[in-house]
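Peer 1:
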Amino acid sequence: MPVLGFNIEERHIYAAGRIFGPVGRYEKITGKVKFAVNPALAINKTITDLKLAKLNSSGLVEFTSDFSLLIPENKSMSNQKLIVDVVNRGRPRFVSTINLAEAEPPDSTEMPPGDGYLFKNGYSVIAIGWQWDVLRNTNLLGLEAPEAEVISGPEKGLAMVEIRPDRIQHSRLLADRVHQPNPAAKENDLAKLYVRHWEDDSPKLINREEWEFGTLIGGKLEPSSEHIFLKNGFQPGLIYHLVYSPERCPVVGVGLLAVREIASFLRAPSPLNPMPKGFDWIFGYGVSQTGRLLRHLMYLGLNTDEQGGKVFDGLLPHVAGSRMGEFNHRFAQPSVQSMPGFGHLPPFSDDNNKDPFSQKTDGLLVKLREANTVPKIIYTNTSAEYWRGDGSLSHISMDGRKDLEPNAESRIYLFAGTQHIDSKSLAPPGSDAADGTMGQHFPNIIDYRPLLRAAFFNLDRWVTQNINPPDSNHPRLDDQTAVSRDTALAKFPEIPDMSKPNSEFLWSLREIDLGEAASTGVGSYPPLEGRFYPCFVSAIDVDGNELSGIKLPDISVPLATYSGWNPRHSESGAPDQIIPMQGSTHYLPLTEEIRKHLQDPRQSVEKRYKSKDHYLRLVEFEVETLVTDGYLLLEDFEFVVKSQSSKFDSLSQQE
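In the working numbering, the protein residues as written are 11 to 665.
(1) Please state the DSSP three-state secondary structure of M285.
(2) Quick one: what does DSSP say S660 is sitting in, helix, strand or coil?
(3) Along the alpha helix (DSSP H) that carries I604, what are the first and last residues, could you check?
(4) Where does K370 land, buried or exposed, given buried means 16+ other C-beta within 10 angstroms?
(5) Please determine, among I406, D432 and Y250, the residue with the shortest C-alpha to C-alpha distance to V329.
(6) Return yes when the Cβ of G263 is within less than 7 Å of the Cβ of T58, no when it is not.
(7) Taking just the CA atoms, how far does I173 sit from N192?
(8) In the DSSP assignment, find the unbroken beta strand (DSSP E) run with N192 in it and report its ends.
(9) Could you work out which residue in A418, G318 and R333 is closest to S399 when comparing CA atoms only?
(10) Give every residue of the same chain whose Cβ lies closer than 7 Å to the Cβ of S656, excluding the five residues on either side of it in the sequence, and list them in chain order.
(11) Start and end of the alpha helix (DSSP H) containing M308?
(12) Please report how far the alpha carbon of Y254 lies from the alpha carbon of L200, in whole angstroms.
(13) What separation, rounded to the nearest whole angstrom, lies between the Cα atoms of T225 and Y309?
(14) From L62 to H339, what does the alpha carbon distance come to, in whole angstroms?
(15) Taking C-alpha atoms, which residue in G583, L92 and T638 lies nearest to I272?
(16) Between which two residues does the alpha helix (DSSP H) harbouring Q475 extend?
(17) Tell me the DSSP bridge mates of A492?
(18) How close, in whole Å, do the beta carbons of Q587 and F542 come, if the pair is a contact with beta carbons under 8 Å?
(19) Grab the span of the alpha helix (DSSP H) containing A394 for me, first residue to last.
(20) In the DSSP assignment, the beta strand (DSSP E) including G41 goes from what residue to what residue?
(21) Quick one: what's got a C-beta closer than 7 Å to I18's C-beta in the same chain, skipping five residues either side?
(22) Is the CB-CB distance between Q141 and P344 below 7 Å?
(23) Give the DSSP-derived three-state secondary structure of M591 in the structure shown.
(24) If we define contact as Cβ-Cβ less than 7 Å, is D210 a contact residue for chain D?
(25) Taking Cβ positions, are N512 and G559 nearer each other than 7 Å?
(26) Can you tell me whether DSSP reads K214 as helix, strand or coil?
(27) Could you pull the start and end residues of the alpha helix (DSSP H) that R379 belongs to?
(28) Just to confirm, are A46 and L70 a CB contact at a threshold of 7 Å?
(29) From which residue to which residue does the beta strand (DSSP E) around Y133 run?
(30) Tell me whether S86 is buried or exposed, calling it buried when 16 or more other Cβ atoms sit within 10 Å of its Cβ.
(31) Under the DSSP definition of a beta bridge, which residues are partnered with A570?
(32) Quick one: using the 10 Å Cβ neighbour count with 16 as the cut-off for buried, is S662 buried or exposed?
(33) Between D523, Q429, E581 and I422, which has its C-alpha nearest D481's C-alpha?
(34) F502 bridges to which residues according to DSSP?
(35) Going by other Cβ atoms of all chains shown within 10 Å of its Cβ, with 16 needed for buried, is G294 buried or exposed?
(36) If you draw a straight line from the alpha carbon of D360 to that of T392, how long is it in whole angstroms?
Below, the structure written as structure tokens:
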């Protein structure tokens, strides 16, 4: 049994004793769970360096994860369904998103219950830590990874850290974002620092005399194995890559095993199980980084447990695009998403698809089909994943010539006109994006969470009742709704004060060569980058809004033009490049007088809608259609209509 036991640190009644309908109160249990896995099993041999980790007396590799479990106080009221929330950079996301909760304070230790949808229906949710470099505290869930015993020398390999400053900085951590750094080894003769001006620029080597391992403390340079110091400073908008030899070698891939084993263990009845009778159905949710982790888990065949059984019945990878991630190679940094590396390698789609460059054929679900452990899957994406260069590869062939045939086990949905992060996290113009970079335009204000809630509900019915969800809905070549980014930009209306992206600097996925040892999980850096994979986005209408995908009334009855891209603000550097996860909102002119004054080519609000009542009648019709088509829950009808009513009032007040 891979789960050795739970160390419960705290147990209390959740949400101040709130009663969630007939289910009643919930309790929250937090602590640590200890795992021990067998590195000799074939199903575990895909984990890089697991065989090099220290073994316990039973010949197993041990590691520990943080967890947080929400479960009905009265166990008999459970619906016997468990969601494994694979935490994003340490933070649980599922409950607040699906329950349409307000944004939680940064220092919150509680998952806000929102409208209580999940709990009124008896679901249980466990958030599990899986990431080795999360700085763990009461707010962040992480994992204590075992160390691999790697002998020093060229075969040990190197690591690469990406630095993308939004202001001048002289020193930076050897980590992605603010994570636990992997210190530089004492001997680092092979260390090199490169710079490029945009994603696909040729990297240029910076002289070794210009930088060193160190940091400024009180204005004085001090040696530091956890920082890099650049004499002239890291410049905003530029992209730096440091290649170096790290001191530590954590077995990063055990994070995938933590996700697999917590789900497998909680399914079965056990005296150790907080739900002694276990669960009948297990679902997995991941957003962005962890959506990519779920894709990676499937590709490695890890929806099969050590006993050969199916782990997850259903998966909901959200805003993962078509990529995997830095989750299973030596010296991996799981939060990295833009740096070229293992996370940018094919396959990009579920079933066998031929790579036009390597001529290899592969698919995410190949290993799971062999083991008969394929789950039901609903992939959901926003416009941002398409505009960053990889979204379309999940359903269009890698040579860009045809739409891929849908398979029976999955659906793919584009939430039309949306950005990577839903609008509940919005802030005013000029505020920071997810990576600290300021956008040129007001962020995208579409709140797509009701669509995501419906997607989860449809996944549940698909798994538990065999009721098929709505068909996939995304850009396609055969109906000309999938177009190149150049084509979309050329058709985009000339909106006053709007800056379009420079197509030369837009992100793309490329052919990548990580060296001869890449198949063993040891990369050669910087990787060699070659030819470009094709990229398609949704075609747009005369307002600049998207024609394909699931359209909320924001798109079908518009008050603005919404995009999945937003150029960087000039103060953040590189204003001709985009922020990869942020979209933008460009309101329609309220009146014809304003439209003519601004020379805005889009029809005014007063020309489109006779009154607010007229507008809301159109909104209600579109919402009814979404409900009928199965893309929206009936209970969310009023939520969406009220949201649009508030937006109409807000725009009217801007006159």
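A virtual CB, placed ideally from N, CA and C, is assigned to each residue, including glycine.
Note that the structure is predicted; figures quoted are calculated from it, not measured.
Peer 2: Checking against the coordinates, here is how it stands:
(1) coil
(2) helix
(3) E602 to L608
(4) exposed
(5) D432
(6) yes
(7) 15 Å
(8) Careful: N192 lies outside any beta strand (DSSP E) and carries neither H nor E.
(9) Here residue 399 is Gly; the residue named in the question, Ser, does not match the sequence. Selected option, being the one with the closest Cα: R333.
(10) none
(11) Q299 to Y309
(12) 7 Å
(13) Between T225 and Y309, the C-alpha separation is close to 40 Å.
(14) 13 Å
(15) L92
(16) R459 to Q475
(17) S548
(18) Not a contact, Cβ separation roughly 17 Å.
(19) S393 to W397
(20) Y36 to V47
(21) For I18, where only same-chain residues beyond five positions count, the Cβ hits under 7 Å are I39 and G41.
(22) yes
(23) Of the three classes helix, strand and coil, the one that applies to M591 here is coil, per DSSP.
(24) Within the model displayed, chain D is absent; a lone protein chain is all it includes.
(25) no
(26) Under the three-state reduction of DSSP output, K214 falls in the strand class.
(27) V376 to A381
(28) Yes, these two residues count as a Cβ contact at 7 Å.
(29) Counting along the chain, Y133 falls outside any beta strand (DSSP E), and DSSP gives it neither H nor E.
(30) Exposed is the label assigned to S86, since fewer than 16 other Cβ atoms lie within 10 Å of its Cβ.
(31) Y597
(32) exposed
(33) I422
(34) Answer by DSSP bridge pairing: none, since F502 is not bridged.
(35) buried
(36) 19 Å
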